[in-house]
Amino acid sequence: MLKRINGEDDMTGAEIPIRDADFPLPFVSGLEYNAPARGPWNIVHTGMLVPESHQVFACAQGCLRGVILTAAEMLEMGRMSWISVDKNDFFDGSLERNIVDGTAEIIRKLPKKPRALLLFISCVHLFAGCDFDAILDELRAMFPDIDFIDCYMNPTMRKSGLTPDQLMRRQLYAPFQPCPADPKTVNLIGNDRPTDGSSELVQLIRNAGWELRDITLCKDYEDYMHMAKSSLEITYLPTAKASGDALEKRLGRKHLYLPLSYDFDEIGRNLNIMADALGTAAPDWSDAKQNAVRVLEQAKEVVGDTPVEIDYTATPRPVGLAALLAEHGFRVTRVYTDAMIEEERPAFERLRTLAPDLLLTATVHAKMRFAGKGVHEHGDVLAIGQKAAYFSGTKHFVNIVSGGGMYGFDGVARLAKRMVEAATHEQDTELVIQHKGLGCRSCL
Amino acid sequence: MLKLAFYGKGGIGKSTTVSNLASAFAANGLKVMQIGCDPKADSTAALHGGTRIRSILDLVRERGNDFALDEMVRIGDGGVICVEAGGPTPGLGCAGRGIIAALEKLQEKGAYEAYKPDVVLYDVLGDVVCGGFSMPMRKGYADRVFILTSGETMSIYAAANIAMAVKNFKGRGYASLGGFVLNRRNVPDEDGKAAKLAADFDTVVAGALDWSETVQRAEQLGKTVVHAFPESPMAAQYRTLADAVLSIERKGDAPC
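Structure (structure tokens):
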């Protein structure tokens with residue numbers, strides 16, 4: 001028998017107090033809901049980071065809708081083309097030929113030849129066993145002055161192997177091939193926004209006389225290809241780790257994964273590892289730590305007992321952030337996350353004691369369909385992240401994704417300041433979250 | 001590392017021939033890996049007592065990616081490393097996609113680097129009916145394709161189709177055609193038909209195998225002929241075929 005799941009009186013299965021929750025999967029996977037507040041970038045946004053590049057999507061027309069809308073929102077329609085797939089392509093064996101011919105035609109018709117072409121194939125090509133390598137070989141022979149990057153839009157495989165997000169971040173650096181390294185140069189890999197210059201990580205790099213390279217800072221294709229010559233790779237987002245690992249393997253460069261953290265001990269350890277890799281003495285972090293604590297305390301005075309809700313799109317460590325805030329007196333009442341990464345385990349255990357009633361809430365559970373206009377909407381909440389803002393209905397929220405470029409003790413202090421700003425200023429939540437991919441050109 | 005793929009019409013005797021070649025190579029001191037690319041997952045049965053082994057797709061279905069390389073293989077008679085790609089439930093799913101997934105999983109788990117076989121034999125189901133079945137002949141997999149056929153019209157027709165596919169893919173750096181293998185069914189002018197087929201594709205008949213009851217007797221024992229009846233004339237034929245295949249490889253480029 002069908003039962004209406006309106007979320008008004010029973011959210012069983014969609015939320016659970018942390019004291020009773022399983023780690024790392026607190027919820028049963030089933031019928032899923034996708035909230036309009038998306039949060040992170042998608043593969044189109046990320047791909048646009050390659051300067052002077054053009055994207056070609058080969059897929060069914062129905063699947064094109066989302067990617068084209070993203071490009072349109074970014075005002076980057078001139079950097080995207082597409083080849084639609086038809087069932088006849090399977091009957092006459094033209095599935096691969098159409099990609100080669102279509103891409104070649106697109107390139108010839110572009111007003112300016114791109115430096116790189118991101119060619120996306122889709123699920124149907126993978127099911128049919130298309131030889132993507134052969135397609136790319138042929139295109140490379142036709143256009144030797146263009147770097148072709150193999151990209152994938154395969155949502156049917158999003159739960160096996162690398163996620164589309166991880167894969168896209170890995171492919172973002174695919175043109176980089178082994179070459180002599182520039183001394184004292186370091187890449188920050190896999191981010192879609194610059195890291196604050198005030199963070200201890202950036203300061204360490206600059207004070208040691210190293211050059212920081214980051215795709216988000218590249219002005220042209222030369223800048224981007226210079227990254228191939230950097231002597232050290234750093235990642236701090238979990239979704240970027242596979243990218244750093246791939247570069248380490250392919251280029252033979254050292255890769256350091258220094259995960260974004262809200263645990264002061266872990267932050268200090270990561271910064272010390274960085275200092276060691278740079279060949280410089282690690283500073284005493286006491287002042288930076290004390291400053292972070294001081295700013296957190298100031299924020300607490302402003303935020304008071306207002307409930308704080310955090311979602312996983314704001315940071316890959318929402319549980320870690322919740323633990324930090326709870327330890328500094330904030331009333332953290334809810335974390336929106338469907339699963340937790342292993343790095344969250346210590347914070348998860350701490351929170352079970354510190355704030356056992358804190359609710360973990362799924363974002364994709366079918367019952368969440370009504371949460372945005374129903375049981376969760378209570379307004380008097382300080383949200384960190386778009387999904388938390390959407391589900392709670394608050395106008396007070398910190399508008400960040402994937403850590404927001406805030407890293408280290410400085411990152412904690414900056415986030416605390418953003419919380420104060422959010423607590424004291426209202427935003428038009430609906431307007432802000434209407435666009436996908438918060439932070440891209442179309443949304444600022 | 002020699003990497004050879006064997007194609008041919010269904011029921012022509014690919015698995016029997018490939019398993020006997022594996023035994024013959026192994027008896028000569030070579031480290032052999034046999035990969036069955038057939039949803040039935042019975043390619044290597046004669047190398048381990050007629051029993052079936054757990055296929056890669058069985059493992060993927062049961063455990064996602066949570067299994068180790070050594071769980072994907074079973075060491076059979078003569079030390080042959082046996083692998084079965086497996087496939088979906090008959091009538092459901094996509095067998096070609098299954099082969100792609102299995103071969104990718106083998107590479108991903110580093111099978112070739114870990115076992116370092118001297119010879120890899122891909123035993124591939126039937127005709128090149130979709131992209132999945134052409135996977136073993138792609139760059140990075142087999143270097144040479146051998147096609148089994150009898151003198152029967154339908155078998156020759158299928159063999160010609162496969163040879164045509166190999167030719168079509170040649171420009172892509174795929175495996176080249178090593179030759180045909182005649183598995184005799186005692187039809188009139190069988191050798192002549194095979195020779196004409198080879199001539200049409202500018203290649204050779206790499207070897208010929210007689211129809212023999214010894215093959216059925218070995219199958220009932222769950223063994224290869226080379227292993228069960230090493231002194232038999234049939235075992236000698238398999239050894240001769242193994243030598244011929246090696247000889248084609250040693251000459252460098254195959255005729256086609």
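If you're matching them up, the sequences are chains A and B in order.
First residue of the first sequence: 1, per our numbering; consecutive thereafter.
First residue of the second sequence: 1, per our numbering; consecutive thereafter.
Every residue gets a Cβ at the ideal spot worked out from N, C-alpha and C, and that includes glycine.
Item                                                                                                                                                                                           : Value
Can you name the residues of chain B whose CB is closer than 7 Å to the CB of residue 134 of chain A?                                                                                          : 172
Restricting to runs no shorter than 4 residues, where is the alpha helix (DSSP H) found entirely within the stretch 213–247 of chain B?                                                        : 213–221, 225–228
Among A:241, A:59, A:216, A:129, whose alpha-carbon lies nearest the alpha-carbon of residue 47 of chain A?                                                                                    : A:216
Mind checking residue 257 of chain B: buried by the 16 CB within 10 Å criterion, or exposed?                                                                                                   : Absent from the model: residue 257 of chain B. The displayed extent of chain B is 1 to 256, so no value can be given.
CA-CA distance, residue 341 of chain A and residue 143 of chain B?                                                                                                                             : 42 Å
Whole angstroms are fine: how far does the CA of residue 345 of chain A sit from the CA of residue 368 of chain A?                                                                             : 25 Å
With DSSP as the reference, identify every bridge partner of residue 360 of chain A, one or two as the case may be.                                                                            : A:16, A:335
If you run the structure through DSSP and keep just helix, strand and coil, what is residue 100 of chain A?                                                                                    : helix
Alpha carbon to alpha carbon, how far is residue 401 of chain A from residue 313 of chain A? Give it in angstroms, no decimals.                                                                : 5 Å
What would DSSP say about residue 255 of chain B, mapped onto helix, strand or coil?                                                                                                           : Note on residue 255 of chain B: pLDDT 42, under 50, position unreliable in the model; no value is reported.
Look up residue 88 of chain A in the DSSP assignment and give the residues it is bridged to.                                                                                                   : Per DSSP, none; premise fails for residue 88 of chain A.
Does residue 127 of chain A have its Cβ less than 8 Å from a Cβ in chain B?                                                                                                                    : yes
Reducing DSSP to helix, strand and coil, say where residue 262 of chain B ends up.                                                                                                             : Summary: the structure shown does not reach residue 262 of chain B, with chain B confined to residues 1 through 256, and so no result is reported for it.
Taking a cut of 7 Å between CB atoms, which residues from the stretch 91–105 of chain B lie near chain A?                                                                                      : 94, 96, 97, 100
State the Cα-Cα distance for the pair residue 146 of chain A and residue 139 of chain A, rounded to the nearest angstrom.                                                                      : 9 Å
Among the candidates A:44, A:407, A:388, A:278, whose CA atom is the shortest distance from the CA of residue 186 of chain A?                                                                  : A:278
Whole angstroms is fine: what's the gap from residue 94 of chain B's alpha carbon to residue 87 of chain B's?                                                                                  : 8 Å
Can you give me, in chain order, the residues of the stretch 135–161 of chain B that have a beta carbon less than 7 Å from any beta carbon in chain A?                                         : 135, 138, 139
Are the Cβ atoms of residue 148 of chain A and residue 119 of chain A separated by less than 8 Å?                                                                                              : yes
From A:347, A:293, A:322, A:156, pick the residue whose C-alpha is nearest to that of residue 336 of chain A; which is it?                                                                     : A:322
For residue 151 of chain B, is the classification buried or exposed, using 16 other Cβ atoms within 10 angstroms of its Cβ as the cut-off for buried?                                          : buried
Which residue or residues does DSSP assign as beta-bridge partners of residue 187 of chain B?                                                                                                  : According to DSSP, residue 187 of chain B bridges with nothing at all.
Among A:229, A:156, A:16, which has the Cα closest to the Cα of residue 27 of chain A?                                                                                                         : A:16
Strictly under 8 Å for the Cβ-Cβ distance: is residue 438 of chain A near chain B by that measure?                                                                                             : With a pLDDT of only 49 at residue 438 of chain A, under 50, the local geometry of the prediction cannot be trusted, and no value is derived from it.
Residue 123 of chain A CB to nearest chain B CB: under 8 Å?                                                                                                                                    : no
If you draw a straight line from the alpha carbon of residue 97 of chain B to that of residue 59 of chain B, how long is it in whole angstroms?                                                : 15 Å
Identify the continuous alpha helix (DSSP H) that holds residue 249 of chain A and give its terminal residues.                                                                                 : 241–251
By DSSP's criteria, residue 257 of chain A is part of a beta bridge. Which residues make up the other side?                                                                                    : A:235
Give me, in chain order, the residues of the same chain whose beta-carbon lies closer than 7 Å to that of residue 442 of chain A; leave out the 5 immediate sequence neighbours on both sides. : Residue placement at residue 442 of chain A is flagged as unreliable, the pLDDT there being 49, under the threshold of 50; the coordinate-derived value follows with that caveat. Excluding residues within five positions, the ones whose Cβ falls inside 7 Å are 73, 74, 75, 435.
Do we get a CB-CB distance below 8 Å when we pair residue 110 of chain B with the residues of chain A?                                                                                         : no
Hey, out of B:103, B:162, B:114, whose CA is closest to residue 140 of chain B's CA?                                                                                                           : B:103
From the DSSP output, read off the bridge partner residues of residue 152 of chain A.                                                                                                          : A:121
List, from N- to C-terminal side, the beta strand (DSSP E) runs of 3 residues or more that fit wholly inside the stretch 104–145 of chain B.                                                   : 119–124
Taking its Cβ as the centre, do 16 or more other Cβ atoms sit within 10 Å of residue 183 of chain B, making it buried, or is it exposed?                                                       : buried
List the residues of chain A that residue 130 of chain B touches, going by C-beta distances under 8 Å, in chain order.                                                                         : 128, 129
Between residue 446 of chain A and residue 51 of chain A, how many whole angstroms is the CB-CB distance? I'm expecting something under 8 Å.                                                   : Summary: the structure shown does not reach residue 446 of chain A, with chain A confined to residues 1 through 444, and so no result is reported for it.
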